[in-house]
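Once you know that position 2 of the sequence shown is 542 in my numbering, the rest is easy, because the numbers rise by one and skip nothing.
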Amino acid sequence: MRLELTAHPAAATGGRVAVELIAAQNVLHLVYDIEVYDIEVHDIEAVDAIVVPPLRAASAQRHDELWRHTCCELFAGSAACVSNSAGGPYREFNFAPSGDWAAYAFDSPRCGMRPLTLETAPCVRASDTAAAALVREAPANSQRLSLKVELPRSAVDGYPFLWPTVVLETTRGISYWALRHHGAQADFHRTENFLTAVGVT
Numbered sequence: 541m542r543l544e545l546t547a548h549p550a551a552a553t554g555g556r557v558a559v560e561l562i563a564a565q566n567v568l569h570l571v572y573d574i575e576v577y578d579i580e581v582h583d584i585e586a587v588d589a590i591v592v593p594p595l596r597a598a599s600a601q602r603h604d605e606l607w608r609h610t611c612c613e614l615f616a617g618s619a620a621c622v623s624n625s626a627g628g629p630y631r632e633f634n635f636a637p638s639g640d641w642a643a644y645a646f647d648s649p650r651c652g653m654r655p656l657t658l659e660t661a662p663c664v665r666a667s668d669t670a671a672a673a674l675v676r677e678a679p680a681n682s683q684r685l686s687l688k689v690e691l692p693r694s695a696v697d698g699y700p701f702l703w704p705t706v707v708l709e710t711t712r713g714i715s716y717w718a719l720r721h722h723g724a725q726a727d728f729h730r731t732e733n734f735l736t737a738v739g740v741t
C-alpha cells in the first residue's frame with residue numbers, strides 16, 4: 541500500500557513524502573520516496589535542498605540520535621496503543637540515508653525507552669540526486685531521495701499497527717512528516733497517532 545505523508549504546518553517545506561509498505565511473509569518492505577520542490581539556486585548554492593549526511597566508509601551500523609538529521613522512521617504499536625487512551629507498548633525504528641539504523645522499545649508514550657535487540661539488522665539503501673546534479677539541472681528545481689528498507693517481520697511481531705514518519709532536513713531547516721499531526725508542535729510519540737496507523741497481518 542502507498543501512504544502519503546503531510547508536513548507539520550509549524551515547519552512545512554515545499555515537497556511531498558510517500559511511503560510504500562509491503563508486508564511479505566518474513567520481511568516488511570518500506571520505500572520512502574521524498575521530493576523537495578521549488579528549490580532556489582543562488583550562486584551555485586541550492587537553498588532548501590535535502591541535507592544528507594555522507595555515506596560511511598565502513599558498513600552501516602546501529603546509531604542513536606539519527607532523528608536529528610534526515611531520517612525515515614517507523615512506529616509499530618501494540619493493540620493497547622489503539623484501545624487505551626493512555627497508550628501502550630510500541631516500538632520505534634530509525635533509518636538513515638547513510639544506511640545506519642536504530643530500534644527502541646517503549647512502555648507508553650516516551651516512557652521506558654530502551655534499545656530493542658533485533659535478531660537480524662534491517663537493510664537500508666538510499667539513492668538521491670546529489671546537490672551538484674541539482675545545480676546542473678536547476679530548471680527542474682527539485683531533488684529526490686529514495687530510501688528502501690527491509691525490516692524483519694519479527695521486529696514488529698505483536699505490534700501490528702504501523703505509523704511511518706519522516707524527519708526531513710534541508711538547507712532551510714527541518715520539517716516533520718506523518719500521516720496526520722496532532723497538536724501545535726510536531727510529536728511522533730503522541731497516543732493519538734496510532735489511531736491513524738495502518739494495521740498489518
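Glycine included, each C-beta is placed from N, C-alpha and C at the ideal position.
For residue j and residue i, believed in contact at Cβ under 8 Å, the rounded distance
i: L658; j: R631; result: The Cβ separation is near 10 Å, so there is no contact.
i: F734; j: T705; result: At roughly 12 Å, the Cβ-Cβ gap does not stay under 8 Å, so F734 and T705 are not in contact.
i: Y699; j: A563; result: The Cβ separation is near 13 Å, so there is no contact.
Where residue i sits in the DSSP three-state scheme
i: A547; result: strand
i: L719; result: coil
i: A563; result: strand
i: E690; result: strand
i: L685; result: strand
i: L708; result: strand
i: A695; result: helix
i: E677; result: Only weak support is given to the placement of E677: the predicted model assigns it a pLDDT of 41, under 50, and the question is left unresolved by the model.
i: L614; result: strand
i: R608; result: helix
i: E732; result: helix
Buried versus exposed, by CB contacts within 10 Å (16 or more), residue i
i: H721; result: buried
i: Y577; result: exposed
i: D604; result: exposed
i: L674; result: For L674, the predicted structure reports a pLDDT of 40, less than 50, and the residue's modelled location is therefore unreliable. The matter cannot be settled from this model.
N-terminal and C-terminal residue of the alpha helix (DSSP H) that residue i is part of
i: L620; result: Leu is not the amino acid found at residue 620; the sequence shown has Ala there. Where A620 is concerned, the enclosing alpha helix (DSSP H) stretches over 620 to 623.
Beta strand (DSSP E) segment containing residue i, residue limits
i: R631; result: 630 to 635
i: A643; result: 641 to 646
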